[in-house]
Amino acid sequence: MDLKFTEEHEMMRKMVRDFAEKDVAPLAAELDEKGEVPFENIKTMGRLGLLGLTAPEEYGGCGADTISYVIAIEELSKACASTAIVMAVQNSLVNYGLTKFGTEEQKQKYLTKLVTGEWIGAFALTEPGAGSDAAAQRTTAVRDGDFYVLNGTKHFITNGGFADVVIVFAMTDKSRGSRGISAFIVEKTFPGFSVGKEENKMGIRGTNTSELIFEDCRVPAENLLGKEGQGFKIAMIALDAGRIGVGAQAVGIAQAAFEAAVEYAKTREQFGGPISRLQAIQWMIADMATRIEAARLLVYNAALKKDSGERFTKEAAMAKLYASETADFVVDRALQIHGGYGYMKEYPVERYYRDARITRIYEGTNEIQRLVIAHQVLR
Ligand code: CAA
Numbered sequence: 336m337d338l339k340f341t342e343e344h345e346m347m348r349k350m351v352r353d354f355a356e357k358d359v360a361p362l363a364a365e366l367d368e369k370g371e372v373p374f375e376n377i378k379t380m381g382r383l384g385l386l387g388l389t390a391p392e393e394y395g396g397c398g399a400d401t402i403s404y405v406i407a408i409e410e411l412s413k414a415c416a417s418t419a420i421v422m423a424v425q426n427s428l429v430n431y432g433l434t435k436f437g438t439e440e441q442k443q444k445y446l447t448k449l450v451t452g453e454w455i456g457a458f459a460l461t462e463p464g465a466g467s468d469a470a471a472q473r474t475t476a477v478r479d480g481d482f483y484v485l486n487g488t489k490h491f492i493t494n495g496g497f498a499d500v501v502i503v504f505a506m507t508d509k510s511r512g513s514r515g516i517s518a519f520i521v522e523k524t525f526p527g528f529s530v531g532k533e534e535n536k537m538g539i540r541g542t543n544t545s546e547l548i549f550e551d552c553r554v555p556a557e558n559l560l561g562k563e564g565q566g567f568k569i570a571m572i573a574l575d576a577g578r579i580g581v582g583a584q585a586v587g588i589a590q591a592a593f594e595a596a597v598e599y600a601k602t603r604e605q606f607g608g609p610i611s612r613l614q615a616i617q618w619m620i621a622d623m624a625t626r627i628e629a630a631r632l633l634v635y636n637a638a639l640k641k642d643s644g645e646r647f648t649k650e651a652a653m654a655k656l657y658a659s660e661t662a663d664f665v666v667d668r669a670l671q672i673h674g675g676y677g678y679m680k681e682y683p684v685e686r687y688y689r690d691a692r693i694t695r696i697y698e699g700t701n702e703i704q705r706l707v708i709a710h711q712v713l714r
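Residue numbering for the sequence shown follows my numbering, beginning at 336 and increasing consecutively.
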């Protein structure tokens, strides 16, 4: 791995850290408590270019590399994991797929609005009966003249409740299995599209996770993304990029918990001095620091591989797998170091503990990441 931070990377880190410390961190506990989305900060992310960070400059994006992207996600996640995942979904699951598979007209029409944050996007793959088995899509899309008619229900969709545009996956030819799935660009104003139940979650409570309902939803044929039958590949390719973002998010949560634990250990006095002088605590701190460093390097490695233009499926899965398990390990030890105080909502480690948990689940459970890695190793 040849990782050298450029001046642009350092500028990116400083810009995002300033924003995160000034505007994002102060709101994090309240958003979590109330289960509210940080709409103002989402707008600011748009103005700062973060919602189109990796999108091409010709469509108004920043054209930044993936290292810049993971730096930004990590910094935001340290302050608020919810705010960070809004940025990650927009860049990787929405903009990246549109950039790679969209027609010139689709990019002009949608990408230019998404990169500024004027429009927010969502990615609707998951269904009640199609989670890890993403190919088991029940949502159907039937061609009717110049339209496709979509019917079905998606659920657990991040940003779903307020997204202006959604990349929706649906079966166009059931007999072809995963090769019969197609992707569509659906605007929230299309007739037959509605938002259903909004989930009440354990963590990342500053995000909206909703059910999306399609009832004879008429989507213009020109809104087919890629070719008919290409949808499953589009989803997998977008998820490869997404998993790097989840890895970076996990590193950010772990880093925040780690810093809180170190600070606490240095100031909390027991047995006549700070608990940081006790080996029981030092060993935990050493393990946390080492795992975070390893996780961060795996995330950077996946980002470099993506920017090299080579397939990065394995590296992204490894980064997501290791970083999310590291985050779980670190938040657990950080809470333990805090003792009873860590269990109380007054201390942010309680939120980090809950926020970390989803990183082992979304954008592919870690069991699926292990399958993906094994498949890549053995093929
Ligand atoms: N890149 C390109 N092509 C890929 C690919 C990739 N990463 N992964 C699979 N494909 C292709 C295969 O090459 C194959 O192509 P052919 O038909 O031409 O041979 C096709 O896709 C089918 O592949 P598989 O046979 O491997 O598919 P599968 O059904 O056995 O399983 C899986 C694949 C890895 C289990 C997949 O279903 C998967 O990733 N599941 C997890 C789904 C997931 O991550 N869901 C998260 C939802 S989104 C979310 O959480 C977002 C949010 O809101 C924040």
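Built from N, CA and C at the ideal position, the CB exists for glycine as well. Remember, it's a predicted structure, so these values are computed and weren't measured experimentally.
Query raised in the report: Going by other Cβ atoms of all chains shown within 10 Å of its Cβ, with 16 needed for buried, is residue 618 buried or exposed?
Result: exposed
Report task. Could you tell me which of 374, 491 and 677 sits nearest to residue 454, measuring between CA atoms? Result -> 374
Requested in this report: Verify the contact flag: residue 492, CB atom, against every heavy atom of ligand 1, threshold strictly below 7 Å.
Outcome: It does: the Cβ of residue 492 is within 7 Å (strictly closer) of some heavy atom of ligand 1.
Query raised in the report: Whose CA, out of 652, 509 and 412, lies closest to the CA of residue 476?
Result: 509
Query - Cβ-heavy atom distance, residue 699 to ligand 1, below 7 Å - result: For ligand 1, a non-hydrogen atom lies closer than 7 Å to the CB of residue 699.
Query - Backbone secondary structure at residue 615 - three-state DSSP - result: Three-state DSSP puts residue 615 in a helix.
**Report entry** Identity of the residue in 697, 659, 692 and 658 nearest residue 469 by Cα
**Finding:** 697
Query raised in the report: How is residue 366 classed by DSSP in three states: helix, strand or coil?
Result: helix
Report task. For the alpha helix (DSSP H) holding residue 436, just list the boundary residues, first then last. Result -> 432–436
Query raised in the report: When DSSP builds the beta bridges, which residues end up paired with residue 479?
Result: 482
Query raised in the report: Which residues share a DSSP beta bridge with residue 518?
Result: 504 and 560
Requested in this report: Taking only heavy atoms of ligand 1 into account, decide whether any of them is closer than 7 Å to the Cβ of residue 474.
Outcome: no
Requested in this report: May I ask you to check if the CB of residue 648 is nearer than 7 Å to at least one heavy atom of ligand 1?
Outcome: yes
Query raised in the report: Between which two residues does the alpha helix (DSSP H) harbouring residue 600 extend?
Result: 566–602
Query - residue 467: CB within 7 Å of a non-hydrogen atom of ligand 1 - result: yes
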